[in-house]
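Protein chains in written order, with our numbering: chain A, 6 to 276; chain U, 6 to 276. We put the beta carbon where it would ideally sit given N, CA and C, even for glycine.
Number of protein chains: 2
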Amino acid sequence: MADTGWPGCSKSLKGVILDMCGVLYESGEGDGVAIPGSVEAVKKLKASDLQLRFCTNETQATREKFVAKLQRLGFDISVSEVFSPAPAAVAVLKERALRPHLLVYDGLLPEFDSVDKTNPNCVVIGDAAEQFSYQNLNKAFSVLIGLDNPMLFSLGQGRYYKETDGLKLDVGVYMKALEYACDLKAEVVGKPSPTFFQSVLNDMGLQPHEALMIGDDLVNDVGGAQHCGMKGVQVRTGKYRPTDERHSTVMADGTVDNLAQAVDMILNQRH
Amino acid sequence: MADTGWPGCSKSLKGVILDMCGVLYESGEGDGVAIPGSVEAVKKLKASDLQLRFCTNETQATREKFVAKLQRLGFDISVSEVFSPAPAAVAVLKERALRPHLLVYDGLLPEFDSVDKTNPNCVVIGDAAEQFSYQNLNKAFSVLIGLDNPMLFSLGQGRYYKETDGLKLDVGVYMKALEYACDLKAEVVGKPSPTFFQSVLNDMGLQPHEALMIGDDLVNDVGGAQHCGMKGVQVRTGKYRPTDERHSTVMADGTVDNLAQAVDMILNQRH
């Protein structure tokens, strides 16, 4: 049974990567709310001999503001432990000398302060939420359709996420919209991009088989990690839906009620 | 050469179907503007022995208001000659006893007056333009994701259209967005649905090989008509782009500068 243990939780395990929204906390009004047991679960992992990193597709705030929110919710987290798409995108843009038109949440803009945005030759979209207006999407479309070689970067490819007042459309939905409008394929920066997961593994100095990803998004967290050779476990919090457990293409290495249960199982198996 | 005549313009031709926006007129502020020569071209067709119908994916106004606009632009057109997606969708909804949540332009709502919209069990989207807000798209998504058997009807599947102030995203883009969000396939009502083209042929009492479609949209007008066995000619007005003439999957039976040229060629070949 899925709940009785996972092959990845053997003694060979050296690091754990945690998704944040839907695993540590549920988003919503204000800071959202910590998921019961998650603050303690992070503490236990930090007290263990396992390495720990956080990996999020959060693109509504800078890493600094995002981490400050998590700290207010009681989590022991620092910016250097958190991997998010915007800094990864900035690295790509600079490497390729690209000047983006940005369709992102206002709160994310400071992440792109160091990037030249004049006379754009590509488009970067994030989870812009309310800023995904017809006007703004049309503007991004106009930039793309006017380029000889249109390039679209998407900060994640999630379908939806859960806020306290219900499910909300995520950036992937608008990525698909622009892909269809311009007849192109976007480049995903963030989960489930293998490049993104690999950068986290590199930071820990681990091989994929030594790491376990825990997330609420079956395709992007669990499937993405498995695609890189890691184990992937899904929690039944956040955007989890019961149909995930009979998904046609992705099967988690384990499914648990929440992060607290996952961490207890991991640590119990090691002792 | 494409401009020297088309196989479909032989004596066997008995009817012509005209797309409207981008063929008769360019949309934009107010009523938009008639494309030079189009008013006279429609007159010439009406004076000929060819049958004539109009086929539009226009979903921002009722057929009555839409036809009134065309009349103000100088066109000799009546409502009974015009085929549009909303009445076709109403027929489908009633036939299957479906109750829609509507994400359409306000001006189209009267077309759905006779349809029960309480406790919706499907979603219908049209070219809602500015009403494609994040909130409204999220609402449509919430309805779909809450259904055991989510059904999405899209009034057309266009990528974009041209207004006097530039290209604008069309309903197909939002159809793709919701398809991805809900992991479903929408049912297209309107062009290029074969059912829709067939209803126009039925009304004329013609076989597909006896009819010619003229449009500015290579995939939905020309490709859709060809898929039904009709000939399809593209005009270099409206949303036409030069790359259409080297499209990977659709090749028009002819390409002409505008409707006036198309009609002159058709009528000259018949005399």
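Note down the Cα distance separating G79(A) from V44(A), rounded to an integer number of angstroms. Stepping through the first sequence from its first residue, residue 79(A) is reached at position 74. Stepping through the first sequence from its first residue, residue 44(A) is reached at position 39. Each residue's Cα considered, the two are about 6 Å apart.
As assigned by DSSP and simplified to three states, the class of E31(U): Taking the first residue of the second sequence as position 1, residue 31(U) is located at position 26. DSSP places E31(U) in strand when its eight states are reduced to three.
Between the CA atoms of K181(A) and Q337(A) - distance to the nearest angstrom: Only positions 6 to 276 of chain A appear in the structure, and residue 337(A) is not among them; the question remains open.
Per the DSSP calculation, S159(A) is bridged to which residue(s)? Locating residue 159(A) in the first sequence gives position 154, where the first residue counts as 1. S159(A) is bridged to I130(A) and V193(A).
Could you compute how far the alpha carbon of T260(U) sits from the alpha carbon of R241(U)? Within the second sequence, residue 260(U) is the residue found at index 255, counting from 1. Within the second sequence, residue 241(U) is the residue found at index 236, counting from 1. Looking at the two C-alpha atoms, the distance is approximately 7 Å.
Other residues of its chain near K74(A): CB distance less than 7 Å, five sequence neighbours each side excluded: Within the first sequence, residue 74(A) is the residue found at index 69, counting from 1. Here the set comprises D36.
Selected residue, minimal CA-CA separation from Y139(A), among K236(U), V38(U) and L172(U): Along the first sequence, one-based indexing puts residue 139(A) at 134. Residue L172(U) is the option with its Cα nearest to Y139(A).
Strictly under 8 Å for the Cβ-Cβ distance: is Y166(U) near chain A by that measure? Numbered from 1 along the second sequence, position 161 holds the residue referred to as residue 166(U). So, not an interface residue.
Could you run through the stretch 169-192 of chain A and flag, in chain order, every residue whose CB is less than 9 Å away from some CB of chain U? Residues of the stretch 169-192 of chain A with a C-beta atom less than 9 Å from some C-beta of chain U are G171, L172, K173, L174, D175, G177, V178, Y179, M180, K181, A182, L183, E184, Y185, A186, C187 and D188, listed in chain order.
Name the residues in the stretch 143-158 of chain U whose C-beta lies less than 7 Å from a C-beta of chain A; which are they? From the stretch 143-158 of chain U, only N143, F146, S147 and I150 have a Cβ closer than 7 Å to chain A.
The stretch 194-209 of chain A / the stretch 250-258 of chain A touching (three or more Cβ pairs under 8 Å): no
If you check the beta carbons only, do L264(U) and I40(U) fall under 8 Å apart? The residue labelled residue 264(U) in the question sits at position 259 within the second sequence. The residue labelled residue 40(U) in the question sits at position 35 within the second sequence. Against a cut-off of 8 Å, the Cβ pair of I40(U) and L264(U) comes out as a contact.
CB contact check: Y245(U) to chain A, cutoff 8 Å: Locating residue 245(U) in the second sequence gives position 240, counting from the first residue. Y245(U) does not count as touching chain A.
For V148(U) versus H106(U), is the C-beta distance shorter than 8 Å? Taking the first residue of the second sequence as position 1, residue 148(U) is located at position 143. Taking the first residue of the second sequence as position 1, residue 106(U) is located at position 101. Closer than 8 Å, so yes.
Contact belief for Y165(A) with K244(A) at Cβ below 8 Å, rounded distance in angstroms: For this step, residue 165(A) is matched to residue 160 along the first sequence. For this step, residue 244(A) is matched to residue 239 along the first sequence. Rounded, the Cβ-Cβ distance is 7 Å, consistent with contact.
K19(U) versus Q56(U): straight-line alpha-carbon distance, rounded: As a first step, residue 19(U) must be located in the second sequence, where it is residue number 14. As a first step, residue 56(U) must be located in the second sequence, where it is residue number 51. Distance between the alpha carbons of K19(U) and Q56(U) is about 6 Å.
Using the Cα positions of D153(U) and Q212(U), report the straight-line distance between them to the nearest angstrom. Taking the first residue of the second sequence as 1, we reach residue 153(U) at position 148. Taking the first residue of the second sequence as 1, we reach residue 212(U) at position 207. So the alpha carbons of these two residues sit roughly 40 Å apart.
Could you tell me the alpha carbon to alpha carbon distance between G163(A) and Q136(A), rounded to whole angstroms? Taking the first sequence and counting its residues from 1, one reaches residue 163(A) at position 158. Taking the first sequence and counting its residues from 1, one reaches residue 136(A) at position 131. Distance between the alpha carbons of G163(A) and Q136(A): 17 Å.
Distance cutoff 8 Å, beta carbons only. Does A7(A) sit that close to anything in chain U? Indexing the first sequence from 1 puts residue 7(A) at position 2. Residue confidence is low: A7(A) scores 44 on pLDDT, short of 50, so the model does not pin down where it sits. No coordinate-derived value is stated.
Would you check if the stretch 58-78 of chain U and the stretch 19-30 of chain U touch, i.e. whether three or more CB-CB distances between them fall below 8 Å? yes
Quick one: complete beta strand (DSSP E) runs, 3+ long, within the stretch 32-75 of chain U? 56-60
Residues that Q239(U) bridges to, as DSSP identifies them: Counting from 1 along the second sequence, the entry for residue 239(U) is found at position 234. Looking at the DSSP assignment, Q239(U) forms a beta bridge with G220(U) and T260(U).
Roughly how many angstroms lie between the CA atoms of S119(U) and P92(A), to the nearest whole one? Counting from one through the second sequence, the residue named residue 119(U) turns up at place 114. Counting from one through the first sequence, the residue named residue 92(A) turns up at place 87. The C-alpha of P92(A) is placed about 53 Å away from the C-alpha of S119(U).
Is V21(A) helix, strand or coil by DSSP? In the first sequence, the residue the question calls residue 21(A) occupies position 16. Correct three-state label for V21(A): strand.
If distances are taken between C-alpha atoms only, which option among G161(U), D175(U) and G151(U) comes closest to C187(U)? Numbered from 1 along the second sequence, position 182 holds the residue referred to as residue 187(U). Selected option, being the one with the closest Cα: G151(U).
Compute the Euclidean distance between the alpha carbons of V205(A) and S83(A), then round it to the nearest angstrom. For the purposes of this step, residue 205(A) is taken as residue 200 along the first sequence, with counting starting at 1. For the purposes of this step, residue 83(A) is taken as residue 78 along the first sequence, with counting starting at 1. Distance between the alpha carbons of V205(A) and S83(A): 15 Å.
Limits of the unbroken beta strand (DSSP E) element including Y245(U): As a first step, residue 245(U) is located in the second sequence; it is residue number 240 there, counting from the start. Element bounds for Y245(U): n/a, residue is neither H nor E.
Selected residue, minimal CA-CA separation from E198(A), among G220(A), I219(A), V109(A) and H232(A): Position 193 of the first sequence, counted from the start, is the residue given in the question as residue 198(A). Before going further, note that residue 198(A) is Ser rather than Glu in the sequence given. Residue nearest to S198(A) within the set G220(A), I219(A), V109(A) and H232(A) is H232(A) (criterion: CA-CA distance).
Whole angstroms are fine: how far does the CA of K144(U) sit from the CA of K51(U)? Counting from 1 along the second sequence, the entry for residue 51(U) is found at position 46. Counting from 1 along the second sequence, the entry for residue 144(U) is found at position 139. Cα to Cα, K51(U) sits roughly 45 Å from K144(U).
Comparing the C-beta of F137(U) with each C-beta of chain A, is any distance below 8 Å? As a first step, residue 137(U) must be located in the second sequence, where it is residue number 132. Closer than 8 Å: yes.
Against chain U, does P115(A) count as a neighbour if the rule is that its beta carbon must be under 8 Å from one of theirs? On the first sequence, position 110 is the one that residue 115(A) refers to. Cβ-Cβ to chain U under 8 Å: no for P115(A).
For S53(A), is the beta carbon positioned less than 7 Å from some heavy atom of the ligand HEM? Ligands are entirely absent from the displayed structure, and the ligand HEM is therefore not among its contents.
Name the residue from N207(A), M156(A) and H214(A) whose alpha carbon lies nearest to the alpha carbon of K1(A). There is simply no residue 1(A) to check, as chain A begins at 6 and stops at 276 in what is shown.
Neighbourhood of A94(A) by C-beta distance below 7 Å, restricted to the same chain and skipping five residues each side: Here residue 94(A) is taken as the residue at index 89 of the first sequence, counted from 1. Within the same chain, Cβ atoms closer than 7 Å to the Cβ of A94(A) are found at V129, F158, L160 and V194, the five residues on either side in sequence being excluded.
Spatial distance of M209(U) from L272(U) (CA atoms): Within the second sequence, the letter at position 204 stands for residue 209(U). Within the second sequence, the letter at position 267 stands for residue 272(U). Distance between the alpha carbons of M209(U) and L272(U) is about 19 Å.
Give me whichever residues DSSP pairs with C233(U) in a beta bridge. Taking the second sequence and counting its residues from 1, one reaches residue 233(U) at position 228. Bridge partners of C233(U): none, in fact.
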